[in-house]
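Colleague:
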Amino acid sequence: MKKNIAVVPIVLLGVMLGACASQSPDTHTSRDSLDWAGVYTGTIPAASGPGINVTLTLISGNNSDFRYTLRYEYIGEPNGVFTADGTFAWNKAGNTITLDTAPKDFPAQYQVGENKLIQLDMRGKQITGDLADMYILTKQR
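Take the sequence shown: its letters are residues -21 to -1, 1 to 120, numbered as in mature numbering (1 follows the signal peptide of the UniProt record, and there is no 0).
1. Using DSSP with H/G/I as helix, E/B as strand and the rest coil, what is R120?
2. Please return the same chain residues whose Cβ sits closer than 7 Å to the Cβ of A63, not counting the five positions on each side in sequence.
3. My understanding is that N74 touches V91, with C-beta atoms under 8 Å, so please give their C-beta distance in whole angstroms.
4. Considering only their Cβ atoms, is the gap separating L37 from G17 smaller than 8 Å?
5. In the DSSP assignment, what are the bridge partners of R46?
6. Could you give the distance in angstroms between the alpha-carbon of N70 and the alpha-carbon of R120?
7. Can you find the residues in the same chain that come closer than 7 Å, C-beta to C-beta, to G28, ignoring five residues on each side of it along the sequence?
8. Between the Cα of P86 and those of F45, K118, G103, Y47, spot the shortest distance and give me the residue it belongs to.
9. For F67, which residues from the same chain have a beta carbon less than 8 Å from its beta carbon, with the 5 sequence-adjacent residues on both sides left out?
10. Taking the C-alpha atoms as reference points, what is the distance between I97 and Q88?
11. Hey, how far is the Cα of A26 from the Cα of N94?
12. Count the other CB atoms, across all protein chains shown, that sit within 10 Å of the CB of L110; report buried if there are 16 or more and exposed otherwise.
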């Protein structure tokens, strides 16, 4: 009788460990879980003026055909409009995109969140400090 009582905890421990081991890893990513395609806008800081109006449109194609159009408009600058279009790629984690043909002096990476894009710095790092909230583009449609 005592042998049977000792076996029960061992069996329960084995069942609990087996249940933990069979859980699948979390595969939810911005790419797979969010409705990220659409038009994003915002006004980011500019070193030489009141700001830059940014419009970034992300287009979801078939399979891995992801396209974008980008428009930068320096507020108050008569010749301050720059545009680019091309394709973008997702990082392995599925939470950041890189624009393939962004102008050389413009950041090309954005972290994708729910109804927003967070512009990353030139090294692909999140911008911190007092102006960090100004580098967020909001989804319009």
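The C-beta atom is built at its ideal place from N, Cα and C for all residues, glycine as well.
Modeller: Here's the rundown:
1. The answer is coil: DSSP assigns R120 none of H, G, I, E or B.
2. Cβ within range, chain order: L49, T80, A81, P82.
3. 6 Å
4. yes
5. I38, T66
6. 24 Å
7. Y53, I54, G55, E56
8. Minimum Cα-Cα distance from P86 among the listed residues F45, K118, G103, Y47 corresponds to G103.
9. L37, F45, R46, Y47, I76, T77, L78, D79
10. 9 Å
11. 27 Å
12. exposed
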